[in-house]
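Trainee:
Number of protein chains: 2
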Amino acid sequence: MIKNRTKSEDKRRLILQAAVRLFVEHGFTQITMVKVAEHAGVSKQTVYSHFGNKEDLFAAAIEHKCLSLGLADSLHLEGELKTCLTLFALRFGSFITEDETLKTHKLCAFEANHLPQLAEIFFRLGPDVVISELSRYFAYKTEKGKLNTPEPRWAASQFLGMVMGEARLRAELNQMDERTLVEREQYLLNCVDMFLRAYQA
Amino acid sequence: MIKNRTKSEDKRRLILQAAVRLFVEHGFTQITMVKVAEHAGVSKQTVYSHFGNKEDLFAAAIEHKCLSLGLADSLHLEGELKTCLTLFALRFGSFITEDETLKTHKLCAFEANHLPQLAEIFFRLGPDVVISELSRYFAYKTEKGKLNTPEPRWAASQFLGMVMGEARLRAELNQMDERTLVEREQYLLNCVDMFLRAYQA
DNA sequence: ATTATTCTGGACTAGTGGGTCTAGTTTAAT
DNA sequence: ATTAAACTAGACCCACTAGTCCAGAATAAT
């Protein structure tokens, strides 16, 4: 009985893709099961047969989205210290102000109240990964005598906070302005300098 | 004709209070006009006569909430540099992890897509005030020779980012843990030290 | 007491949405 | 060809909601 799984996987993928796009763009309540079905080119009943109800579909969609956001691209922490920090700051700085990233984050944060497991997934696949990786890196560089971060996780938290900065707050609230945008790269370089001033061994 | 305004102001206040509490706690779509009316001890029609429709009521509620969050309490930037920064970090650090603050922020960020003017109000009354005040303070201290922040607004952005840090991310996603919580104060003191190491003249 | 306004409570409209059910069709394995 | 499963299209149920309307009660100014 491995027969019908062929067709079924296709439909499932279509439904999930549609759900991701629609939920991330418009949120949970704004999207109806009919809209998902139509967008997936599938009947309403098929949606229900693949995902039992709206909340389950939503959870599946968010989890899928978290995994496909491409966070890992920011996390190549290798090579010379300053180069590495700079590259990370630029990449991660872009990542967190991307539209998809922001929308997903806001959605999870907002729904965190009544769907706790959702926020947990997002945190585990997002912020937690970054902070952990970065603090591991800082601990390593401290061990090597390049940095002096007695509390690597605090240093990671500080560095990430700085990289987010005003731009993240503005982007989150759709209040990005020209000035913050064009200064962004210089600001991030400045963060690296400032961080090294405080923590370089 | 200043007569009926006596009674009317009372009802309006009751409605607004109920709306603030309910909207901030449960969001826009989850709250119905009937619930607001019942919570305010008022008839549905009275709600409509005071605030034309749901969106207007929502906007009024959010604006009122933003003004009453008590952000200003964090902003007493006077006295000796390190003491002042420490006090600010502790106060503002508490403020941004408070339940009411977080819920309001998340709500505004989430609704920013389809209610732009709402996010604008929140940004103007919240983040913008803090960044501006802090950068004004840094500029002043630099002028006085106590600090060396050639770009005060960047320094403000960095300091605020650090103060938020992991705790803010966790709180936002209902993922606060014991460790982050008990270490919070020490972390904030560490931020001040780190900041001064990088920027003290 | 009169009068204008507000407020109440409930009925009403018109639309929406989650979820189920069914009858008939397609699909693919045997 | 048969069979079992998945799929479709649409009707259907039930509960809910923004907003309107209205008749009567309360309120306050004159």
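Residue numbers (our numbering), protein chains in the order written: chain A, 1 to 201; chain B, 1 to 201.
Glycine included, C-beta positions come from ideal geometry on N, C-alpha and C.
Just so it is clear, the structure is predicted and the values come from calculations on it, not from any experiment.
So, is the C-beta of Met162/A closer than 9 Å to a C-beta in chain B?
Mentor: Closer than 9 Å: yes.
Trainee: Please state the DSSP three-state secondary structure of Gln175/A.
Mentor: Coil, per DSSP.
Trainee: List the residues of chain B whose Cβ lies closer than 8 Å to the Cβ of Lys106/A, in chain order.
Mentor: Chain B residues near Lys106/A: Lys106, Ala109, Phe110 and Ala112.
Trainee: In whole angstroms, what is the alpha-carbon distance linking Lys103/A and Arg12/A?
Mentor: Roughly 23 Å separates the two Cα atoms.
Trainee: Do Ala167/A and Lys106/B have their CB atoms nearer than 9 Å?
Mentor: Contact flag unset, no.
Trainee: What would DSSP say about Leu147/B, mapped onto helix, strand or coil?
Mentor: Reduced to three states, the DSSP call for Leu147/B is strand.
Trainee: When the distance is taken between beta carbons, is Gly126/B closer than 9 Å to Leu69/B?
Mentor: A contact, by the Cβ cut-off of 9 Å.
Trainee: May I ask you to report which of helix, strand or coil DSSP gives Gln200/A?
Mentor: If DSSP states are grouped into helix, strand and coil, Gln200/A belongs with the strands.
Trainee: Could you tell me the boundaries of the alpha helix (DSSP H) in which Leu71/A lies?
Mentor: Per DSSP, Leu71/A belongs to no alpha helix (DSSP H) and is neither H nor E.
Trainee: Distance check for Arg153/B and Phe28/A, CA to CA, integer angstroms please.
Mentor: Each residue's Cα considered, the two are about 37 Å apart.
Trainee: So, Ala89/B versus Phe138/B, is the Cβ gap smaller than 9 Å?
Mentor: Contact: no.
Trainee: Give the single residue among Lys146/A, Lys65/A, Met176/A and Ile96/A whose Cα lies nearest to the Cα of Val130/A.
Mentor: Ranking the options by Cα distance to Val130/A, first place goes to Ile96/A.
Trainee: For the region 14-30 of chain B against the region 57-69 of chain B, are there 3 or more C-beta pairs whose distance is under 8 Å?
Mentor: Yes, the region 14-30 of chain B is in contact with the region 57-69 of chain B.
Trainee: Quick one: does Lys44/B have its CB under 9 Å from some CB of chain A?
Mentor: By this cut-off, Lys44/B is not an interface position.
Trainee: Rounded to whole angstroms, what's the CA-CA distance from Glu151/A to Leu188/B? Just pull it up for me.
Mentor: The alpha-carbon atoms of Glu151/A and Leu188/B are separated by roughly 13 Å.
Trainee: What does Arg184/A touch in chain B if you count any residue whose Cβ is under 8 Å from its own?
Mentor: What Arg184/A touches in chain B: nothing, since even the nearest Cβ is about 11 Å away.
Trainee: For Tyr140/B and Glu25/A, I'd like the C-alpha separation in whole angstroms.
Mentor: The straight-line gap from Cα to Cα measures roughly 43 Å.
Trainee: Going straight from the alpha carbon of Phe92/A to that of Asp73/B, what length do you get?
Mentor: Those two C-alpha atoms are separated by around 33 Å.
Trainee: My output table needs one value for Ser43/A: the three-state DSSP class, helix, strand or coil.
Mentor: In this structure, Ser43/A counts as coil in the three-state DSSP scheme.
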